[in-house]
Amino acid sequence: MFKIVSNPTFTHTVTVMMPVDSGHAEETLLVTYNYLDTAEVEQFDLKSTDGTSSFLSTLIRKIDGLTDSTGQPVACTLELREKLLRMANVRLALLRHYFDAVTKVREGN
Numbered sequence: 351m352f353k354i355v356s357n358p359t360f361t362h363t364v365t366v367m368m369p370v371d372s373g374h375a376e377e378t379l380l381v382t383y384n385y386l387d388t389a390e391v392e393q394f395d396l397k398s399t400d401g402t403s404s405f406l407s408t409l410i411r412k413i414d415g416l417t418d419s420t421g422q423p424v425a426c427t428l429e430l431r432e433k434l435l436r437m438a439n440v441r442l443a444l445l446r447h448y449f450d451a452v453t454k455v456r457e458g459n
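Position 63 of the sequence shown, counting from 1, maps to 413 under the working numbering, and the rest follow consecutively.
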């Protein structure tokens, strides 16, 4: 059966590559996405910075799994969320993960 949900969301762990001296470190965010249909996605100009920012603001319902430099949990305030959504590596990870999630097909027959 295919369930019809009025405002579908899904929560996934998203890996973000963080630049560190001599390479990168994998860090994760627990992200709740709003599922957008194709008509909703087409409303955004994903080729522009402003369009992508608007898309991410609509797409991302919640970000969890944040800690400070000592490992203590940090709540994701609106200000912190906007800061995260301005980081190029975070933006790329969030976008890639969303589109991979909504376009995944079952392997095999």
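No residue lacks a Cβ here, since even glycine has one placed at the ideal position from N, Cα and C.
Quick caveat, the model's predicted, so the values are computed rather than measured.
Can you tell me which of the three DSSP states Asp-395 falls into? Residue mapping note: residue 395 aligns to position 45 of the sequence shown, counting from 1. Taken through DSSP and simplified to helix, strand or coil, Asp-395 comes out as coil.
Buried or exposed, going by whether 16 or more other CB atoms sit within 10 Å of the CB of Leu-442? Counting from 1 along the sequence shown, the entry for residue 442 is found at position 92. Counting Cβ neighbours within 10 Å, Leu-442 comes out exposed, since fewer than 16 surround it.
Are the CB atoms of Thr-417 and Thr-382 within a distance shorter than 7 Å? Stepping through the sequence shown from its first residue, residue 382 is reached at position 32. Stepping through the sequence shown from its first residue, residue 417 is reached at position 67. It is not a contact, given that the beta carbons lie outside the stated cut-off.
At least 3 beta-carbon pairs within less than 8 Å: the segment 397-409 vs the segment 369-377: Using a C-beta cut-off of 8 Å, the segment 397-409 makes no contact with the segment 369-377, since fewer than three inter-stretch Cβ pairs fall below that distance.
Is DSSP giving Glu-457 helix, strand or coil here? Reading the sequence shown from its first residue, position 107 is the one you call residue 457. If DSSP states are grouped into helix, strand and coil, Glu-457 belongs with coil.
Rounding to the nearest angstrom, what Cα-Cα distance links Lys-454 and Asn-384 in this structure? Residue numbering aside, residue 454 sits at position 104 when the sequence shown is read from its first letter. Residue numbering aside, residue 384 sits at position 34 when the sequence shown is read from its first letter. One Cα belongs to Lys-454, the other to Asn-384, and the distance between them is close to 16 Å.
Take Lys-412 and list the residues in its own chain whose beta-carbon comes closer than 6 Å to its own, dropping the five residues that flank it on each side. Here residue 412 refers to the residue found at position 62 of the sequence shown. Taken in chain order, the residues that qualify are Thr-382.
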